[in-house]
Amino acid sequence: MIEARGLVKRYGSTMAVNDLSFTIRPGLVTGFLGPNGAGKTTTMRLILGLDAPTQGSVTVGGRGYRDLPAPMREVGALLDAKALHGGRRARDHLLCLAHSNGIPRRRVEEVLRIVGLEGVARRRAKGFSLGMSQRLGIASALLGDPAVLIFDEPVNGLDPDGILWVRTLMRGLAAEGRTVLVSSHLMSEMALTADHLLVIGKGRLIADTSVDEFVRSSSQQSVHVRSPQAAELAARCREAGATATGPDAGTGPDVIEITGMDSAEVGRLAAAHGIALSELIPVKASLEEAFMELTRESVEYQAAGVTP
Amino acid sequence: MTGATIASAGPDHRATFRAATFGDVLHSEWTKLRSVRSTFWALTATVVLGIGLGAAISAATAHGYAKSGAANKLSWDPTTLSLDGMAIASLAIAVLGVLGVSSEYSSGMIRTSLIAVPKRGRVLAAKSLVFAAVTFVVGEATSFTAFFVGQALISGHAPHAALGDPGVARAVVGTGLLLAALAVLSVAVGTLLRHPAAAIACMIAVLFVLPGIAQALPDSWRNPVTEFWPTLAGGQLTTVYHSAHTLQPWPGFGVMCLFTAIVYAIAWTLLDRRDA
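Taken in sequence, the protein lines are chains A and B.
Going by this note's numbering, the first sequence opens with residue 3, and the numbers climb by one from there.
Going by this note's numbering, the second sequence opens with residue 630, and the numbers climb by one from there.
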């Protein structure tokens, strides 16, 4: 269980995190979603006591992170897979961390086996690919067999096989009753991995919802119609209270896009007015589009933005 | 991928917790120190420079003793001569100490370390203690060896010293002690400055550049510097002959320790307060 209350973090004049309140529950994978620069990593750093909040508080299992008596046994975290001494062998890296919390040596061998790195445990970490580093980072998070797990973009750099493995691991950890918080900027990945979503943009909470509900509410439907009498159909649809775009240069001379009506209704309307249809296609906005729609206002770095 | 699962995090799992102790952090820092190659090379450099340079300086100076002037003979200090290499060797210790922390900052390892041990003072204390202990052991072994090698090379050409002579044992033991104090100072400076290059430059300035500049100053400026500059004051513990405007051995070492303690306290405070 992770609880944040009115969390604020300001770096100079930049509001990295702005009045965040949320509860992350055990037994679920909670996806922490937002565009780059939204404050995901900062929030995780605040949870882990790396940064001190400007205002508000965040607790893990009811306590501030820095007050946990055995931190690694309660919280496992992977923030940055490359945040290690490259000259140290993988096994030694894990040993340093295990010793710091009094975790027995055999647990190091166990987690190496879980992440599939036992064959390269004697290699120095600087020779690791990003994917191998991610696995090593996940191994270090699992060392203390913790009840709460926090992963910042864990599938970065992984091949499809690795992504599937991480997804299965996260789901398995949550099924064991643990609290799992995973950040990502990819909605499609979260739709497959997470049960619950926290969406933030520009440091503010935009949505705190189950994945199912998010999918239901945001998969907006439209209908794509091609007809020799497109203009007439558009007019009929507007009369019926729907929104129709086209026909124009954007859609093409005989194409309209209709929202606010499903394909069956459009078909009935066309039949009633004797309008011939050559195409009638229901179009579902993808989750990715829904997410972009939701966070459009809060994207920190727009490719073609206005000057500040 | 392997289907190995990890135990459930139920209530009995949490009941088996024991709180992490300072001893655990010491164990961790010891593992960190011995699992990187730079430790081996820096300690090797300390031993080789300490013994080798000491031997070379002892032999060369002893051969010139007969022809040297009366003033030189009056301040003849064979103990210090045989330990002269340690001053250069101390640079290897300073660099290793500084890198122990600052390389964690440059690699990002510090975040992993502070997540594992969020009570940050423990990390600094354990790092300093482990490194100071290792330095002390290596420093004493090196300084005793350098002393015996140096005296063997001096004897026959010039008066040489024995461990039983007044002040000699204190100077030889003091060399290892001073090195251990320097180890703590460099860990603190590494924590304070965080950037490896800046921290190493700072230690070189403290050890060599500022004392060197002082030599070029007029007496009225130079004397207080040679008397109270921490590393020069601390160095009095390692010499048998004391020239004018220097502190006595133990007060001198006290100045070095006080300086180290002040830097350490600032480093501790900043480590605790700064975002990592």
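Glycine included, C-beta positions come from ideal geometry on N, C-alpha and C.
Chain-ordered chain B contacts of residue i [CB-CB under 8 Å]
i       : result
L52(A)  : R740, L743, I744, D904, A905
A18(A)  : Within chain B, no residue comes near A18(A); the closest Cβ sits about 11 Å away, beyond 8 Å.
A72(A)  : F646, R647, A648, A649
A79(A)  : I744
S142(A) : T741
C-beta contact flag for residue i and residue j at 9 Å
i       : j       : result
G768(B) : T675(B) : yes
L119(A) : R108(A) : no
V818(B) : M832(B) : yes
L839(B) : F857(B) : no
T43(A)  : S185(A) : yes
C886(B) : G864(B) : no
L199(A) : D210(A) : yes
F906(B) : L712(B) : Here chain B comprises residues numbered 630 to 905, so residue 906(B) is not present and cannot be evaluated.
R124(A) : A149(A) : no
A614(B) : I722(B) : There is simply no residue 614(B) to check, as chain B begins at 630 and stops at 905 in what is shown.
H973(B) : S735(B) : Because residue 973(B) is not part of the residues shown, which for chain B are 630 to 905, the question remains open.
S872(B) : S704(B) : yes
L808(B) : L655(B) : no
G51(A)  : R27(A)  : no
S657(B) : L99(A)  : yes
R238(A) : I283(A) : no
T708(B) : D653(B) : no
L188(A) : V182(A) : no
L296(A) : G203(A) : yes
G104(A) : S135(A) : no
A232(A) : V268(A) : no
V110(A) : P55(A)  : no
F293(A) : L35(A)  : yes
L821(B) : I891(B) : no
F882(B) : A810(B) : yes
G714(B) : I744(B) : no
A812(B) : V752(B) : no
G78(A)  : A127(A) : no
Amino acids of chain B, ordered along the chain, whose beta-carbon sits closer than 9 Å to that of residue i
i      : result
K84(A) : S736, G737
V91(A) : For clarity, residue 91(A) is Arg in the given sequence; the question names Val instead. Per Cβ cutoff of 9 Å: S664.
R68(A) : P747, K748, R749
Chain-ordered neighbours of residue i on chain A, where CB pairs are closer than 7 Å
i       : result
H656(B) : H101
Where residue i meets chain A, residues with beta-carbon distance less than 8 Å
i       : result
S732(B) : H87
T898(B) : In chain order: nothing, as chain A lies at least about 14 Å away.
P825(B) : The premise fails here: P825(B) is roughly 12 Å from chain A at the closest Cβ pair, so nothing lies under 8 Å.
T660(B) : D94, L97, C98, H101
D653(B) : H101, S102, N103, G104
beta-carbon residue i near the ligand SAM non-hydrogen atom, thresh 8 Å
i       : result
A232(A) : As presented, the structure is devoid of all ligands, the ligand SAM included, so that no description of it is given.
Residue(s) in a DSSP beta bridge with residue i
i       : result
P284(A) : V225(A)
I258(A) : V227(A)
R206(A) : G203(A)
M17(A)  : R12(A)
D154(A) : S185(A)
V31(A)  : V182(A)
F24(A)  : A6(A)
L80(A)  : F153(A)
H198(A) : T32(A), S212(A)
T61(A)  : E5(A)
D250(A) : G254(A)
T245(A) : T261(A)
Neighbour list for residue i in chain A, Cβ cutoff strictly below 9 Å
i       : result
D848(B) : Those within 9 Å of D848(B) in chain A number zero; the least Cβ separation is about 48 Å.
D706(B) : Neighbours of D706(B) on chain A: none; closest Cβ ~41 Å, over 9 Å.
7 Å Cβ cut-off: residues of chain B touching residue i
i      : result
R75(A) : F646
is_contact[residue i, chain D] using C-beta, thresh 9 Å
i      : result
R47(A) : Here the protein chains are A and B, and chain D is not one of them.
At a CB distance below 7 Å, what residues from the stretch 92-114 of chain A approach chain B? Give them in sequence order. D94, L97, C98, L99, H101, S102, N103, G104
Contained alpha helix (DSSP H) runs [length at least 4] in the stretch 714-778 of chain B, N- to C-terminal order: 714-736, 738-745
If you scan the stretch 841-876 of chain B from start to end, which runs of the alpha helix (DSSP H) of 4 or more residues do you find wholly inside it? 848-857, 859-864
Chain-ordered residues of the stretch 208-227 of chain A with a beta carbon less than 7 Å from chain B: none
Please list the segments of the alpha helix (DSSP H) lying wholly inside the stretch 87-153 of chain A, counting only runs of 4 or more residues, in order along the chain. 92-102, 107-117, 132-144
What residues from the stretch 784-811 of chain B come within 8 Å of chain A, judged by C-beta to C-beta, listed N to C? none
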